[in-house]
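Notes follow the structure.
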Amino acid sequence: MATPEQAHFADTLIRWYGRHKRALPWRDTTNPYHIWLSEVILQQTRVAQGLPYYLKFVEAYPTVQQLAAAPEDEVLRLWQGLGYYSRARNMHHTAKMVAAEFNGRFPDTYAELLKLKGVGSYTAAAIASFAFGEPVAVLDGNVFRVLARVFGISDDIAAPASRKVFKKLADELVPTDAPDIYNQAIMEFGAIQCTPVMPDCMFCPLQQNCFAFNHGMVQELPVKAKAKAARPRYFHYIVLEHAGRFYLRKRLEGDIWQGLYDFYLYESPDKNLPPEALLPELQQAGLEVDMAHLELPRKDYKHILSHQKITARFYRVRLKNRLREEVLQEARLALFTVNEVEELPKPILINSYLQDAKILVYL
């Protein structure tokens, strides 16, 4: 049972939420499919960026059965630009699981939701509380920050052991009569009031009882260990073109961008690889290219992932003849028209080059 102080904390957040909440479509429904979609899309994504994707997915696939029946390439193409493509593949797999094993109906308890692939404790808690009213606490970055500051918790939020500390408190705070509203309230409070860098402490309804504010530790809490530095990678893409069509390949498992399409790639350990150093690599792969055919890159493209920092260069080659079948099989390349290229799911890095090179022009 919550203490009077804990009940006051929950009531204060709920009152604040009633006055300040943003109007977002997934807050006007108890449909577990729509709630699940929004939570998957909004993981590690700002609302402003995720909202258009949510609307696109709901329009394209109004039911979980329709998402389950969609081709993976189509799902990845709709996801393009959000990054973290493993989430899109897990989302697709989960949709198939719900459609096939649960007759198109999401499980209605936290414990059963956790059995779905790609559904972790946060997503399960969100669906269970928002759709089914189960009094289970959500724990995302916003919630960690609010709890750490208000209650003075100095445990490292990046450490797995700390999760038990936060979860115990979070579960105690959830009011059994309004878990859905409370969970939305504390996440919204962290998103727009108790923000990471410049929280609005002067107009905060929790200021009087906030440990961090009263001890001058707003910038010190929450405690989070620094992530490892991103590993640099240097990509050299060979953009092979024949008669207005382009050779691309589908990326395999075991690396970034699984299931997306890109060009023939040579990865070097050195950023400043001279163009002529590419020729032996291309010839070994059966690509008869010389310096006269190699259109040099105009700029470097940079793309930062969670643990990798990619620098890419694109070398365009206009071929007089089609590549031999054995070369295509060895390099896993296939020839696509411009319209087909546009429809393929691609890393944002590839899309940026295609637009810069005027290969794809979006009106």
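Going left to right, the sequence shown walks through residues 27 to 389 as our numbering numbers them. Cβ coordinates follow ideal geometry from the N, Cα and C atoms, glycine included. All values reported here derive from a predicted model rather than from experimental measurement.
8 Å contact criterion, which Gln310 and Arg257 should meet: CB distance rounded | Contact between Gln310 and Arg257 does not hold, since their C-beta atoms are separated by about 26 Å, which reaches or exceeds 8 Å.
May I have a chain-ordered list of the beta strand (DSSP E) segments no shorter than 3 residues that lie completely inside the region 287-350?
-> Complete beta strand (DSSP E) runs here, min 3: 290-294, 327-330, 334-344.
Hey, would you say Arg171 sits closer than 9 Å to Pro222, going by beta carbons?
-> Pro222 is positioned such that its CB atom lies closer than 9 Å to that of Arg171.
Using 10 angstroms around the beta-carbon of Ala303, count the other beta-carbons present and answer buried if the total reaches 16, otherwise exposed.
-> Ala303 is exposed by the Cβ-count criterion.
Pull up the distance between the alpha-carbon of Gly144 and that of His60, whole angstroms please.
-> Answer to the nearest angstrom: the Cα atoms are 16 Å apart.
Within 10 angstroms of the Cβ of Leu389, are there 16 or more other Cβ atoms? Answer buried if so, exposed if not.
-> With a pLDDT of 35 at Leu389, under the threshold of 50, the predicted position of this residue should be treated as unreliable, though the coordinate-derived value follows. With a threshold of 16 other beta carbon atoms within 10 Å, Leu389 falls short and is exposed.
Count the C-beta pairs between the region 185-203 and the region 129-144 that are closer than 8 Å, then say yes if the count reaches three, no if not.
-> Segments in contact, no.
In angstroms with no decimal places, state the Cα-to-Cα distance between Phe289 and Ser64.
-> Looking at the two C-alpha atoms, the distance is approximately 32 Å.
Quick one: which unbroken alpha helix (DSSP H) runs of 4-plus residues sit fully inside the region 232-265? Chain order, please.
-> Complete alpha helix (DSSP H) runs here, min 4: 237-240.
On the DSSP bridge assignment, give the partners of Leu361 in chain order.
-> Residue pairing from DSSP places Leu361 in a beta bridge opposite Tyr273.
Examine the Cβ distances between the region 342-349 and the region 249-269 and report whether three or more of them are shorter than 8 Å.
-> Yes, since at least three Cβ pairs between the region 342-349 and the region 249-269 fall closer than 8 Å, the two stretches touch.
Going by the beta-carbon positions, is the gap between Ala184 and Ala251 smaller than 9 Å?
-> Contact flag set, yes.
Starting from the Cα of Ala383, find the closest Cα among Glu369, Pro306, Ile153, Arg324 and give me that residue.
-> Closest option to Ala383, Cα to Cα, is Arg324.
Around the C-beta of Ala357, are 16 or more other C-beta atoms found within 10 angstroms, so that it is buried, or is it exposed?
-> By the 10 Å Cβ count, Ala357 comes out buried.
Of the choices Arg45, Val84, Ala33, Gly44, whose alpha-carbon is the least far from that of Pro51?
-> Its Cα nearest to that of Pro51, the residue Val84 stands out among Arg45, Val84, Ala33, Gly44.
Spatially closest choice to Val364 from Ile153, Asn377, Ile385, Gln245, by CA coordinates = Measuring from the Cα of Val364, the nearest candidate turns out to be Ile385.
Secondary structure of Glu160, DSSP reduced to three states = Residue state for Glu160 is assigned as coil, using DSSP reduced to three classes.
So what does DSSP say about Glu267, is it helix, strand or coil?
-> In this structure, DSSP gives Glu267 an extended state, which the three-state scheme calls strand.
Taking the alpha carbon of Cys220 as the point to measure from, which residue in Val169, His241, Asp203 has its own alpha carbon closest?
-> With respect to the C-alpha of Cys220, the residue from Val169, His241, Asp203 having the closest C-alpha is Val169.
Spatial neighbours of Glu368 in its chain, beta-carbon cut-off 7 Å, leaving aside the 5 residues before and after = Excluding residues within five positions, the ones whose Cβ falls inside 7 Å are Leu386.
Mark Arg342 as exposed unless 16 or more other C-beta atoms lie within 10 angstroms of its C-beta, in which case mark it buried.
-> Taking all protein chains in view, the Cβ of Arg342 is crowded by 16 or more other Cβ atoms within 10 Å, so the residue is classified as buried.
For Ala94, which residues from the same chain have a beta carbon less than 6 Å from its beta carbon, with the 5 sequence-adjacent residues on both sides left out?
-> Excluding the 5 residues flanking it on each side, Ala94 has same chain C-beta neighbours closer than 6 Å at Ala121, Lys122, Ala125, in chain order.
Just reading off the alpha helix (DSSP H) that Ile376 is part of, what are its end residues?
-> Here the alpha helix (DSSP H) through Ile376 covers 374-382.
Would you give the residue range spanned by the alpha helix (DSSP H) that Lys143 belongs to?
-> Judged by DSSP secondary structure, Lys143 falls outside any alpha helix (DSSP H); it is assigned neither H nor E.
Between the Cα of Gln284 and those of His319, Glu100, Lys372, spot the shortest distance and give me the residue it belongs to.
-> Taking only the C-alpha atoms, the option nearest Gln284 is Lys372.
Tyr260 to Glu351 span [Cα, whole Å] = For Tyr260 and Glu351, the distance between alpha carbons rounds to 28 Å.
Identify whether Val223 lies in helix, strand or coil by the three-state DSSP scheme.
-> Coil, per DSSP.
Gln106 versus Ile336 - alpha carbon distance = Roughly 18 Å separates the two Cα atoms.
At which residue ranges does the region 146-217 contain complete alpha helix (DSSP H) runs of 4 or more residues, listed in the order of the chain?
-> For the region 146-217, whole alpha helix (DSSP H) runs of length 4 or above, ordered along the chain, are 147-158, 167-177, 188-199.
How big is the Cα-Cα spacing for Asp181 and Pro300?
-> In a straight line, the C-alpha of Asp181 is about 49 Å away from that of Pro300.
Proximity below 9 Å, CB of Leu173 to CB of Ala154 | Taking 9 Å as the Cβ cut-off, Leu173 and Ala154 do not qualify as a contacting pair.
Give a yes or no on whether the C-beta atoms belonging to Tyr273 and Leu361 are separated by under 9 Å.
-> Contact: yes.
Is the beta carbon of Gly76 within less than 8 Å of some heavy atom of the ligand FAD?
-> Only the bare structure without any ligand can be found here, which leaves the ligand FAD out of the picture.
Close beta carbons around Leu108, own chain, < 8 Å, minus the five adjacent residues each side = Hits under 8 Å: Ile67, Thr71, Gln75, Gly76, Tyr79, Ala114.
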